[in-house]
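Residue numbers (our numbering): 4 to 193. Notes follow once the structure below has been shown.
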Ligand code: HEM
Ligand code: HEM
């Protein structure tokens, strides 16, 4: 059974909250606060009271309504950057490296650990690409290049989105079956 230090558990749960928060900002951006959908609502409602504006003006208003919410994507993005560095430092501790002693692992746990390496690589990529899109001007990049990076950042987001439920289902099943207590271990240390 794995044992988790307090600092590792703090990292795990802070990371979980930040990832769920980042996904939340994306779902809001694409859902309730979608500028295209809201621009149409603004346009329709204003037309109904005899105020006429163009669709582009309505889009500007809808984006302004979305902006304070999206600031949280950047704030949580900075926190994620900090957590990625924190996780790299944890690799030098017992808790941080125990999942990756491949010689001691059976086939199933080798695959689980490779999945963790995969998600770490994805989080690293999301952090670097996110910071690059945010600071593209300071970095001397063209808007077109930033847009291309954004397309990849957005595509790789799918991996994060699917990892979260699969991970939770995976650890809950493991806890019910042959790895009793793994969920409470990552809460109380084991
Ligand atoms: C929501 C975002 C979450 C993310 C991004 C995440 C990420 C991770 C990662 C990367 C590891 C591997 C740790 C290592 O390096 O060994 C891990 C381990 C673990 N997580 Fe999560 N986690 C999340 C949420 C949760 C939740 C909600 C639970 C509980 C239901 C949970 C339970 C566990 C457990 C039990 C382990 C240890 C598994 C093992 O022994 O291999 N995680 N998590
Ligand atoms: C797990 C981590 C992350 C996920 C899942 C994620 C997801 C996404 C997604 C899906 C988009 C596209 C939104 C859209 O155009 O509809 C996006 C855009 C963006 N993200 Fe992230 N992101 C993450 C981390 C970061 C980080 C660390 C930063 C930097 C601080 C960042 C900064 C940005 C920026 C600047 C945009 C472009 C917004 C725009 O075009 O106005 N992201 N992100």
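Positions of the beta carbon are idealized from the N, C-alpha and C atoms, including for glycine. All values reported here derive from a predicted model rather than from experimental measurement.
By the CB criterion at 9 Å, residue 69 and residue 46 fall outside the cutoff.
Runs of alpha helix (DSSP H) with 4 or more residues, each lying fully within the segment 56-131, are found at 58-93 and 97-100, listed in chain order. Membership of residue 7 in any alpha helix (DSSP H) is not indicated, and neither H nor E is assigned to it by DSSP.
Straight-line spacing of the CA atoms in residue 80 and residue 175 works out to 28 Å. Not one heavy atom of ligand 2 is found less than 8 Å from the C-beta of residue 111. Residue 65 sits buried, since 16 or more C-beta atoms from the chains shown fall within 10 Å of its C-beta. For residue 35, no alpha helix (DSSP H) segment is defined, and its DSSP state is neither H nor E. Distance from the CA of residue 7 to the CA of residue 107, rounded to the nearest whole angstrom, comes to 18 Å.
DSSP places residue 166 inside the alpha helix (DSSP H), whose first and last residues are 146-179.
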